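S.K.: There's a structure below that I have some questions on.
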Amino acid sequence: MSPQQNPILVTGATGKQGGATALRLLADGVPVRALVRDPEAPAARTLAHAGAELVVADFDTPTTLDAATAGARAVFLVPPAAYGPNGWDVDLEAARGIAVVDAAKRADVEQIVFTGVASMSDDSSWGIGGKRNIEAAVAASGLRYTLLRPVRFMENYLMRNTPVDGINDGVNKHLFPADRPLQVVALADIAAFAALAFADRDRFHGHTIELASDAILPSKAVELISEATGHQVSYRELSESEAGAIGEQIGNTWRLVRETGGWRADIAELRRIYPRLATFESWLAATGAAQIKALLDSEQVSSTH
16 MSPQQNPILV TGATGKQGGA TALRLLADGV PVRALVRDPE APAARTLAHA GAELVVADFD
76 TPTTLDAATA GARAVFLVPP AAYGPNGWDV DLEAARGIAV VDAAKRADVE QIVFTGVASM
136 SDDSSWGIGG KRNIEAAVAA SGLRYTLLRP VRFMENYLMR NTPVDGINDG VNKHLFPADR
196 PLQVVALADI AAFAALAFAD RDRFHGHTIE LASDAILPSK AVELISEATG HQVSYRELSE
256 SEAGAIGEQI GNTWRLVRET GGWRADIAEL RRIYPRLATF ESWLAATGAA QIKALLDSEQ
316 VSSTH
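Rendered as structure tokens:
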């Protein structure tokens, strides 16, 4: 097998970013090895049916990562989130990501594309130190690399029963100011930029890409959702005290958004690199509205029984 025929190892393959990236690569004809914990899980079976090779490994058992990386030409790295009642466990998250970097080096992998989270300014105040430590390890690995930093997912409107985000009882609650454009990204666009980096590793080597698809007022977003789904949805901006009551780091994020103006991806430049970048309206038209409507229809039915 030539190096270009060797698979790309996609971690987090049954999650949002990993799943989208694995399916995008497969659609492009790129061999994919999907790292999973349970090969019988529905998401894992979907990937297998799409043509992915499944490999069982666990971030918290580093000895399993050598077999996963062996023979791979590149790695898409997205370690599991480490968030609990006391906030983000940055040390655990960093250890998980760095374990994959170390395994990739032992396996002579050529390239790593790591996806973390977009920056504001004082990133230490909202629990993303683990991701930044992984970025540092990737950059110091000696491998070709690209760092993706996506903003809030458009698909977060599909979340259910969470303190913030999603739509519950017709309301989207979040930390973000209602009167300020909020940068959002479609999962398909994260996958597209990962695919671009893998396809042209020299062009994107060493690049850190703050990644957003569109910027839209939260109040305008729910207006468009209401029009597209036939369900009336409103936006409620949490107060500082409400955010702090959820958790200290959530409160820190509430303040940071207002102090810094939020994320700062250059959407015009991203669209120049990838002209098919989604808008919020095009995402709704393509997949988002139908998925949100199905959830809201289901909620409505449940509330009448």
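Using this note's numbering, read the sequence shown as starting at 16 and increasing by one per residue.
For glycine and all other residues, C-beta sits at the position ideal for the given N, C-alpha and C.
Only a predicted model underlies this, so the values are computations on that prediction, with no experimental measurement involved.
#1: Find the nearest neighbour of E125 within the set R39, I288, A212 and P196, judged by alpha-carbon distance.
#2: So the candidates are D194, D75 and G131; which of them puts its Cα closest to the Cα of P165?
#3: Does the structure place the stretch 31 to 49 close enough to the stretch 115 to 124 that three or more beta carbon pairs sit under 8 Å?
#4: Just tell me which of L107, A63, A236 and G144 has its CA closest to the CA of I307.
#5: Here's the rule: buried if 16 or more other CB atoms are within 10 angstroms of the residue's CB, otherwise exposed. What is T225?
#6: Less than 8 Å between the beta carbons of T223 and A304, yes or no?
#7: Suppose contacts are defined by Cβ-Cβ distances below 8 Å. Is A119 in contact with L158 by that definition?
#8: Taking Cβ positions, are L285 and A227 nearer each other than 8 Å?
#9: What do you reckon, are the CB atoms on A87 and P178 nearer than 8 Å?
#10: Any idea what DSSP makes of S140, helix, strand or coil?
#11: Given 8 Å as the limit, is there contact between the stretch 199 to 208 and the stretch 59 to 77, that is, 3 or more CB pairs closer than that?
#12: Using the DSSP secondary-structure output, state which residues sit across from D229 in a beta bridge.
#13: What residues in its chain sit with their C-beta under 6 Å from that of A309, if we drop five residues either side in the sequence?
#14: Hey, how far is the Cα of L24 from the Cα of A72?
#15: Does DSSP classify I265 as helix, strand or coil?
#16: Does the beta carbon of V25 sit closer than 8 Å to a beta carbon anywhere in chain B?
#17: Please classify G33: is it buried, with 16 or more other beta-carbons within 10 angstroms of its beta-carbon, or exposed?
#18: Alpha carbon to alpha carbon, how far is R218 from D43?
#19: Take A260 and list the residues in its own chain whose beta-carbon comes closer than 7 Å to its own, dropping the five residues that flank it on each side.
#20: Considering only the beta carbon of each residue, do T26 and V105 sit closer than 8 Å?
#21: Alpha carbon to alpha carbon, how far is W269 from S249? Give it in angstroms, no decimals.
M.R.: This is what the structure holds:
#1: Reading the sequence shown from its first residue, position 110 is the one you call residue 125. Cα-wise, what sits closest to E125 is A212.
#2: For the purposes of this step, residue 165 is taken as residue 150 along the sequence shown, with counting starting at 1. Relative to the Cα of P165, the nearest Cα in the group D194, D75 and G131 belongs to G131.
#3: no
#4: Position 292 of the sequence shown, counted from the start, is the residue given in the question as residue 307. Answer by Cα proximity: A236.
#5: Counted from its first residue, the sequence shown places residue 225 at position 210. Before going on, a small fix: residue 225 reads as Glu here, not Thr. That one is buried.
#6: Here residue 223 corresponds to residue number 208 of the sequence shown, with the count starting at 1. Here residue 304 corresponds to residue number 289 of the sequence shown, with the count starting at 1. The Cβ atoms of T223 and A304 do not sit closer than 8 Å to each other.
#7: Numbered from 1 along the sequence shown, position 104 holds the residue referred to as residue 119. Numbered from 1 along the sequence shown, position 143 holds the residue referred to as residue 158. Their beta carbons are under 8 Å apart, which means A119 touches L158 by this criterion.
#8: Mapped onto the sequence shown, residue 285 falls at position 270. Mapped onto the sequence shown, residue 227 falls at position 212. Contact flag set, yes.
#9: Along the sequence shown, read from residue 1 onward, the residue named residue 87 stands at position 72. Along the sequence shown, read from residue 1 onward, the residue named residue 178 stands at position 163. Not in contact: A87 and P178 (Cβ atoms no closer than 8 Å).
#10: Walking along the sequence shown from the start, residue 140 turns up at place 125. Note on S140: pLDDT 49, under 50, position unreliable in the model; no value is reported.
#11: No, the stretch 199 to 208 is not in contact with the stretch 59 to 77.
#12: Here residue 229 corresponds to residue number 214 of the sequence shown, with the count starting at 1. BP columns for D229 point to V199.
#13: Here residue 309 corresponds to residue number 294 of the sequence shown, with the count starting at 1. Taken in chain order, the list of residues that qualify is empty.
#14: Reading the sequence shown from its first residue, position 9 is the one you call residue 24. Reading the sequence shown from its first residue, position 57 is the one you call residue 72. Going from the Cα of L24 to the Cα of A72 covers about 11 Å.
#15: As a working note, residue 265 is residue 250 in the sequence shown. Annotated three-state conformation of I265 is helix, per DSSP.
#16: Absent from the structure is chain B; it holds one protein chain and no more.
#17: By one-based count along the sequence shown, residue 33 stands at place 18. When all chains shown are included, G33 counts as buried.
#18: Locating residue 218 in the sequence shown gives position 203, counting from the first residue. Locating residue 43 in the sequence shown gives position 28, counting from the first residue. If you draw a straight line from the Cα of R218 to the Cα of D43, it is about 19 Å long.
#19: For the purposes of this step, residue 260 is taken as the residue at position 245 of the sequence shown. Closer than 7 Å at Cβ, skipping near neighbours: no residue.
#20: The sequence position of residue 26 within the sequence shown is 11, counting from 1. The sequence position of residue 105 within the sequence shown is 90, counting from 1. No, they are not a contact pair.
#21: Taking the sequence shown and counting its residues from 1, one reaches residue 249 at position 234. Taking the sequence shown and counting its residues from 1, one reaches residue 269 at position 254. One C-alpha to the other measures close to 20 Å.
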